[in-house]
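Going by our numbering, the sequence shown opens with residue 157, and the numbers climb by one from there.
Backbone N, C-alpha and C define an ideal beta-carbon position, used for all residues, glycine too.
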Amino acid sequence: MEEFLRILTQALAELVAPSTAAYALAAIGLNLHFGYTGLLNMGQAGFMLLGAYGFGIATIAGAPFLVALLVAIAAGTVFALLLGIPTLKLRGDYLAIVTISAAEIIRWLGRSTVFQEWTGGASGLLGNSFKHTFHELSFLPDGRTAVGPLEYINTGSDSWWTRLFAWGLVLLALLFVWLLTRSPWGRVLKGIREDEDAVRALGKNVFAYKLQALVIGGALGSLAGVLYVLPRAITPDSMGRTMTFFVWTVLLLGGAATLFGPVLGSMLFFSLYMLMRTGMRAGLGDVIGGTQVEQLGGMLVGVTLMLLVIFRPQGILGNKRELAFNVR
């Protein structure tokens, strides 16, 4: 019974974890790309890694917290412009190839010894070198606080302050996207997703709208990268292809082209994923090792994503009549 309660507590903790909020924010940005505009961005992890590096390097250089956040946003914006300008006039599959390749280039540049002075190479940047400005903003008292079965320090890497800030930023992003998608600009995006030739025939600059969506979604992805590294160090290998794969799973699970789909998908996915992994460790720990449990968990996630796309491509909250997968 105690083991069962421990597993449930770990799954519950994932619902409010900073990493869950980071994936939710990254999926909100990807939702602007894919759900609302029909852009196949397969390199959201690249935006997240650039945002994390921009924030970390700027903080280490002496920038205050808000300036470091702006640097992270600027890094994602420049990355989106570099990717979008040469590719958005082509079909969507070219963008998918470019983004996944560019994200891998960013990861390998982060690992490279050429930029080790700034990025730390394969070892990355230690958390205590760039988190102090964030911790100084905390208004919570010293000590620990328990809320039900969850207990964390008030201020620190894995703390209530980190959770409050992360989910507060997610709420602000939801409000921002809600305002955008209900504006005339947002309605043009949906038109591009459905039939960009018809939108072009109405005199709209489809390329400009696509580029704007790519930049805004990329900036949100960069902020998600900042949230992801607040409880940990910045390591390039932690933001690779698997991260993009998880962001897509979160988005498709909750429902693309929906406001709350990315948040619901992130909370469900990571709580169930934790429940599955801890359950398999408890039940199969004597049969297979921890590495095999992680590999089996990854396989089950892949199967889940396949089943989602086949049987419920609109996700939990999505509308199948609205969402078309025949993106250009």
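How would you call residue i, buried or exposed, if buried means at least 16 neighbouring beta carbons within 10 angstroms?
i, result
"Gln451", "exposed"
"Lys245", "exposed"
"Met399", "buried"
"Leu238", "exposed"
"Met275", "It should be pointed out that residue 275 corresponds to Thr in this sequence rather than to Met. Buried, since its Cβ has 16 or more Cβ neighbours within 10 Å."
"Glu352", "buried"
"Gly373", "buried"
"Val362", "buried"
"Leu222", "exposed"
"Leu331", "exposed"
"Val465", "exposed"
"Phe160", "exposed"
"Ala173", "buried"
"Ile261", "exposed"
"Val303", "exposed"
"Ala329", "buried"
"Asn482", "Low local confidence applies: a pLDDT of 45 at Asn482 is under 50, so the model's placement there is unreliable, with the coordinate-based value given in what follows. It counts as exposed."
"Phe467", "exposed"
"Met436", "buried"
"Phe203", "buried"
Are the CB atoms of residue i and residue j nearer to each other than 8 angstroms?
i, j, result
"Ser394", "Ala180", "no"
"Ala224", "Tyr384", "no"
"Gly396", "Arg263", "yes"
"Tyr429", "Val457", "yes"
"Gly232", "Ala375", "yes"
"Gly194", "Arg349", "yes"
"Ala236", "Val371", "yes"
"Val254", "Thr269", "no"
"Ile241", "Gly199", "no"
"Arg388", "Gly283", "yes"
"Leu320", "Leu251", "no"
"Leu407", "Ala183", "yes"
"Thr405", "Phe426", "no"
"Val344", "Lys360", "yes"
Would you mind working out which of the options sits nearest residue i, comparing C-alpha positions?
i, options, result
"His291", "Leu325, Met204, Val227, Pro220", "Pro220"
"Ala104", "Leu205, Thr176, Asp314, Leu164", "Residue 104 cannot be examined here, being either before or after the span of the chain that is shown, 157 to 484."
"Leu336", "Leu188, Gly304, Glu273", "Leu188"
"Val333", "Ser427, Gly210, Gly381, Ala369", "Ala369"
"Leu175", "Leu409, Thr318, Leu306", "Just to set this straight, residue 175 is Ser in the shown sequence, not Leu. Nearest C-alpha to Ser175: Thr318."
"Gly280", "Phe426, Ile213, Asp298", "Ile213"
"Val227", "Phe211, Ala217, Ile241, Pro242", "Phe211"
"Met432", "Leu251, Ala322, Gly454, Asn284", "Gly454"
"Ala413", "Glu158, Gln200, Asn475", "Asn475"
"Glu273", "Ile216, Phe363, Ile163", "Ile216"
"Ala380", "Phe271, Ala322, Gly199", "Ala322"
"Phe401", "Gly218, Leu345, Ser378, Thr460", "Thr460"
"Leu306", "Asp298, Trp316, Gly299, Pro297", "Trp316"
"Tyr209", "Ser294, Ser378, Glu158", "Ser378"
"Gln249", "Phe190, Gly277, Phe426", "This sequence places Asp at residue 249; Gln is not what is there. If we check each option's Cα against that of Asp249, Phe190 comes out closest."
"Lys346", "Tyr192, Leu171, Glu158", "Tyr192"
"Thr391", "Ala278, Ile229, Val234", "Ala278"
"Trp341", "Leu328, Ala329, Pro297, Ala364", "Ala364"
"Leu386", "Ala438, Met436, Ala354, Thr289", "Thr289"
"Phe286", "Leu463, Gly218, Gly435", "Gly218"
According to DSSP, residue i sits in a beta bridge with which residue or residues?
i, result
"Tyr179", "Tyr179 pairs with nothing; no bridge assigned."
"Tyr308", "Thr301"
"Leu281", "Ile390"
"Ser111", "Outside the modelled stretch of the chain, which goes from 157 to 484, sits residue 111, for which no answer is possible."
Any beta carbon of chain B sitting closer than 8 angstroms to that of residue i?
i, result
"Leu251", "The displayed structure is made up of one protein chain only, and chain B is not part of it."
Consider the C-beta atom of residue i and the heavy atoms of the ligand COA; say whether any pair is separated by less than 7 angstroms.
i, result
"Phe211", "Ligands are entirely absent from the displayed structure, and the ligand COA is therefore not among its contents."
If contact is defined by three or more beta carbon pairs under 8 angstroms, each pair taking one atom from either stretch, is the segment 466-473 in contact with the segment 407-427? The answer is yes - the segment 466-473 touches the segment 407-427, with three or more Cβ pairs under 8 angstroms.
Q. Within the chosen definition, does the segment 158-170 reach the segment 312-327 through at least 3 CB pairs nearer than 8 angstroms?
A. Contact between the segment 158-170 and the segment 312-327 is absent, because fewer than three Cβ pairs lie under 8 angstroms.
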